[in-house]
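Chains A and B supply the protein sequences, listed in that same order. Here the first sequence is numbered in the working numbering, starting from 1 and rising by one per residue. Here the second sequence is numbered in the working numbering, starting from 1 and rising by one per residue. Here a beta-carbon is modelled for each residue, glycine too, at the ideal position from N, C-alpha and C. Below is one structure, written out as structure tokens, with a few remarks after it.
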Amino acid sequence: MTNVPGAWYLTVAAVIFCIGAVGLLVRRNALVMFMCVELMLNAVNLTFVTFARMLDDIGGQVFVFFTLVVAAAEVVIGLALIVSIFRRRQGATADDISLLRG
Amino acid sequence: MDAVRLAWLIPGFPLAGVVILYLGRRFLKEPLSGWIATLMMAGAFVMSVVVYSGLHSLPDENRQVALKGVEWIRAGGFSARFGLLVDPLSVTMVLFVTGVGALIHMYSIGYMHGQERFTRFFTYLNLFAFSMLVLVLGGNYLLLFLGWEGVGLCSYLLVSFWFERPSAARAGKKAFVTNRVGDFGFMLAMFLIFSHLGTLDILSALSSAPQLGRGTATAVALLLYLAAAGKSAQGPLFIWLPDAMEGPTPVSALIHAATMVTAGVYLLVRSHPFLEHGPAAGDVVAWVGAFTAFVAATIALTNFDIKRVLAYSTISQLGYMFLAVGVGAYTAAIFHMVTHAFFKALLFLGAGSVMHGMEDNQDMRVMGGLRKFMPITALTFMVAWLAISGIVPFAGFWSKDEILAATWVGGAGVSAHYFLWFVGAVTALLTAFYMTRQVWMVFYGNERWREKLHHDPHESPKLMTIPLVALGVLSFAGGAINLPKEGFKNLTEWLHAAVPVKPLEVHSFGQGFVLSTIAVILGVIGILAGVRIYNRGLRHGEDPTVVRLGALGRFFDRGWGIDPAISWFVDRPGRAIGDVLARPVDQGLIDGAVNGVAAVFAGLARALRKVQTGFVRNYALTLLSGATVVLFIFLIRGTV
Numbered sequence: 001m002t003n004v005p006g007a008w009y010l011t012v013a014a015v016i017f018c019i020g021a022v023g024l025l026v027r028r029n030a031l032v033m034f035m036c037v038e039l040m041l042n043a044v045n046l047t048f049v050t051f052a053r054m055l056d057d058i059g060g061q062v063f064v065f066f067t068l069v070v071a072a073a074e075v076v077i078g079l080a081l082i083v084s085i086f087r088r089r090q091g092a093t094a095d096d097i098s099l100l101r102g
Numbered sequence: 001m002d003a004v005r006l007a008w009l010i011p012g013f014p015l016a017g018v019v020i021l022y023l024g025r026r027f028l029k030e031p032l033s034g035w036i037a038t039l040m041m042a043g044a045f046v047m048s049v050v051v052y053s054g055l056h057s058l059p060d061e062n063r064q065v066a067l068k069g070v071e072w073i074r075a076g077g078f079s080a081r082f083g084l085l086v087d088p089l090s091v092t093m094v095l096f097v098t099g100v101g102a103l104i105h106m107y108s109i110g111y112m113h114g115q116e117r118f119t120r121f122f123t124y125l126n127l128f129a130f131s132m133l134v135l136v137l138g139g140n141y142l143l144l145f146l147g148w149e150g151v152g153l154c155s156y157l158l159v160s161f162w163f164e165r166p167s168a169a170r171a172g173k174k175a176f177v178t179n180r181v182g183d184f185g186f187m188l189a190m191f192l193i194f195s196h197l198g199t200l201d202i203l204s205a206l207s208s209a210p211q212l213g214r215g216t217a218t219a220v221a222l223l224l225y226l227a228a229a230g231k232s233a234q235g236p237l238f239i240w241l242p243d244a245m246e247g248p249t250p251v252s253a254l255i256h257a258a259t260m261v262t263a264g265v266y267l268l269v270r271s272h273p274f275l276e277h278g279p280a281a282g283d284v285v286a287w288v289g290a291f292t293a294f295v296a297a298t299i300a301l302t303n304f305d306i307k308r309v310l311a312y313s314t315i316s317q318l319g320y321m322f323l324a325v326g327v328g329a330y331t332a333a334i335f336h337m338v339t340h341a342f343f344k345a346l347l348f349l350g351a352g353s354v355m356h357g358m359e360d361n362q363d364m365r366v367m368g369g370l371r372k373f374m375p376i377t378a379l380t381f382m383v384a385w386l387a388i389s390g391i392v393p394f395a396g397f398w399s400k401d402e403i404l405a406a407t408w409v410g411g412a413g414v415s416a417h418y419f420l421w422f423v424g425a426v427t428a429l430l431t432a433f434y435m436t437r438q439v440w441m442v443f444y445g446n447e448r449w450r451e452k453l454h455h456d457p458h459e460s461p462k463l464m465t466i467p468l469v470a471l472g473v474l475s476f477a478g479g480a481i482n483l484p485k486e487g488f489k490n491l492t493e494w495l496h497a498a499v500p501v502k503p504l505e506v507h508s509f510g511q512g513f514v515l516s517t518i519a520v521i522l523g524v525i526g527i528l529a530g531v532r533i534y535n536r537g538l539r540h541g542e543d544p545t546v547v548r549l550g551a552l553g554r555f556f557d558r559g560w561g562i563d564p565a566i567s568w569f570v571d572r573p574g575r576a577i578g579d580v581l582a583r584p585v586d587q588g589l590i591d592g593a594v595n596g597v598a599a600v601f602a603g604l605a606r607a608l609r610k611v612q613t614g615f616v617r618n619y620a621l622t623l624l625s626g627a628t629v630v631l632f633i634f635l636i637r638g639t640v
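Printed below as a string of structure tokens:
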């Protein structure tokens, strides 16, 4: 197994993060936006793990566990919200839900 | 000495009456509550007589007894006690306040018959008597002031007793507000006395009064006079007294003729050392007194309200008393106060009896010929009429004569006292005239009430006529307490312990005789003129005096324009200031500042709320760009 340099991992992570960020901004479907958030989270996780390996510091890997737990909780709440929104209105997009407009 | 200690019971009786009537207000009905109040006053009168005899048995130099009482206020070097000062002056006041007061209480039982709030009336009446007795017996100025305010409060409550009538409510307010001007003077005088003498105890303040500088003594005397002018309706402050006639007639007799309005005279006589050491104040008191007497007498000439004529007459007679105080004839002032209490209370009660028999009519134009229908009222009223007109040997003659003689002799260096005597003498003539006018319009002449009344006028019940007769006897013989002959000057000798000032006396019997004769002749002229003009009664409801005086009469009738003048000088600027404060200052400046701050924030909020679009993706963009900016700042600075 050849040694892949750490920079490659970081580059992949950055690319995934940017895909997630752009997807979050341009898509209107709540479910897709949600998936984009997951992409961004996992890009960050990848960065953590890479740095943990490069700097030989277990702290980065510990952080990933935290992120995963928080992300799981977030998924539960987020999906619940999405489901309840879809129950009320058919095929609504994120922009239709703008009750908090000032 | 032990008898003197009973002085505590004098104000104690009416206070007990107040407590009983207040606690029993649900159960006590007419006429029981009236009798309770009257009995309390009678008890106070008996106690006064006991205290009088106790004090009389003491030698002259021991006749000022201070009863210490419990401590009331203690603050630093200041101390005030609920202490009484029993001396000839206060006992004289107490005697006539309780005596005349008891008679008026009894009269009220008849007069207030069938009235709503009967018990409440007598509660107020007893409360008034209590306050008045605290006023005259109070051993320090603060306690005196407590009584002073108490009588003011009761005056307000009783003037507006029929508060359903807007005019009565207004009159009560007017009396109260006008009196505050005087109270203000009283308080300043107290502050001045305390700051210079370190005490408010009357005896020690008066004994150390000679230490005061002339200026301070004059200031204290003038401030006390301001207080007296408010309470006793002197100078421009008299405006409240005629309006106070809105109260029930016994109230007018008790408070606004016999007792409360004389409190100012009492205050000045009590504080005479200040006047002695600030003689300029005496000038002011005498001049204002003389002119108040004259002005009020002219207003009484053209009035048609039976009670208002008497009110102006009261102001006029109070002016005489202040004239006496101003020239330094203190005993003459007290003497006239006592006789005036007799005959003026009688006049008011007589007027009340007339109104009682005439369906509460007060307009003298619809009276006339009443002597046949109410003989007792007419007879007693005419005794009082001769007394106030200064006819020998009625009570008013002796006291008024003493004042005029003292003014003639001068004393205390009052300027132009011959002129003041002249004003007083002319006022005596006017007094005799307007009182004759009243007597003839009410009791003689044509019966002008025939078309107006449903029944013939009737004499009042015994409850009301007995006090009339008692006061009639006093008005006739009351002068006997101080006859101008050695050995008979009882009041002068009696008061000497409290007012150790040499009385102003005529230089010779001849001078006194001439002065008295002039006074009597003036009175007789006034009476004869009145009889001549009014003997045939009023024709077509026209009053010959009003017709003959013309424009001058209308000027008199409007009270010399004093009421409008006060409105112009006090009310108008007050309103103007109020308007400025209300509109430009309050609505412009203060509201503007408050509303301006609110408007600034509302505008800001209106601009800023645009940021909250409600689009989730918008927020995400903001977050992202913010994070990017922070990231770039770190990159540029090269540190994390």
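Would you identify the three-state DSSP class for A80/B, choosing helix, strand or coil? It is a strand residue.
Within chain B, the residues that G23/A reaches when beta carbons sit closer than 9 Å: Against chain B, the beta carbon of G23/A has no neighbour under 9 Å; the closest one sits roughly 11 Å away.
Chain A contact residues for V611/B, given Cβ-Cβ distances below 8 Å: G102
Can you give me, in chain order, the residues of the region 614-635 of chain B that have a beta carbon less than 8 Å from any beta carbon in chain A? G614, F615, V616, R617, A620, L621 and L624
So is D95/A in contact with chain B if we call contact Cβ pairs under 8 Å? yes
Assign N3/A to buried or exposed, taking buried as 16 or more other Cβ atoms, counted over all protein chains shown, within 10 Å of its Cβ. exposed
Sorted by chain position, which residues of the same chain lie with C-beta nearer than 7 Å to F632/B's C-beta, five sequence neighbours on each side aside? There are no such residues.
What residues in its chain sit with their C-beta under 6 Å from that of G264/B, if we drop five residues either side in the sequence? Excluding residues within five positions, the ones whose Cβ falls inside 6 Å are A228, K231 and S232.
Since K174/B and D243/B are thought to touch, with beta carbons under 8 Å apart, how far apart are those beta carbons, to the nearest angstrom? 5 Å
Against chain B, with Cβ distances strictly below 8 Å, would S84/A count as a contact? no
8 Å is my cut-off, CB to CB: does L41/A come that close to chain B? no
Test item: CB-CB of V159/B and M132/B under 8 Å: No.
Please determine, among F513/B, G638/B, F45/B and L453/B, the residue with the shortest C-alpha to C-alpha distance to R365/B. L453/B
Measure the Cβ-Cβ separation of L39/B and F130/B and say whether it is below 8 Å. Annotated as distal: L39/B and F130/B, with beta-carbon spacing of 8 Å or more.
What residue from L241/B, M112/B and L301/B has the CA that sits closest to P248/B's CA? M112/B
Grab the span of the alpha helix (DSSP H) containing A498/B for me, first residue to last. Element bounds for A498/B: n/a, residue is neither H nor E.
N-terminal and C-terminal residue of the beta strand (DSSP E) that W398/B is part of: No beta strand (DSSP E) holds W398/B; the alpha helix (DSSP H) holding it covers A395 to V409.
Give the residues of chain B in contact with L55/A, contact being defined as C-beta atoms less than 9 Å apart. Neighbours of L55/A on chain B: none; closest Cβ ~14 Å, over 9 Å.
Going by DSSP, what residue range makes up the alpha helix (DSSP H) through E276/B? H272 to H277
Backbone secondary structure at G328/B - three-state DSSP: coil
Helix, strand or coil: how does DSSP classify A205/B here? helix
To the nearest angstrom, how far is it from the Cα of R308/B to the Cα of F397/B? 23 Å
Same chain, Cβ closer than 7 Å to A258/B, five either side skipped, listed in chain order: V100, A341, K344 and A345
Excluding the five sequence neighbours on either side, which residues of its own chain have a C-beta within less than 7 Å of the C-beta of M1/A, listed in chain order? Interpretation of M1/A is limited by its pLDDT of 48, a score under 50 that renders its predicted location unreliable; no figure is taken from the coordinates.
Spatial neighbours of V32/A within its chain, please: CB distance less than 8 Å, with the 5 preceding and 5 following residues excluded, ordered by chain position. G23
Please state whether the Cβ-Cβ distance between V409/B and Y330/B is less than 8 Å. no
Could you tell me the distance, in whole angstroms, from the CA atom of F48/A to the CA atom of G60/A? 5 Å
Using three-state DSSP, classify D2/B as helix, strand or coil. helix
Are there 16 or more other CB atoms within 10 angstroms of the CB of W385/B, so buried, or fewer, so exposed? buried
Answer yes or no: does any C-beta atom of chain B fall closer than 8 Å to that of L99/A? yes
Starting from L515/B, follow the alpha helix (DSSP H) in both directions and report where the run begins and ends. F509 to Y534
Provide the residue(s) that pair with I73/B in DSSP beta bridges, ordered along the chain. A80/B
Terminal residues of the beta strand (DSSP E) in which A641/B lies: For chain B, the structure presents residues 1 to 640; residue 641/B sits outside this window and is missing.
Helix, strand or coil: how does DSSP classify E451/B here? coil
Count the other C-beta atoms from every protein chain shown that fall within 10 angstroms of the C-beta of F476/B, then say buried if there are 16 or more, exposed otherwise. buried
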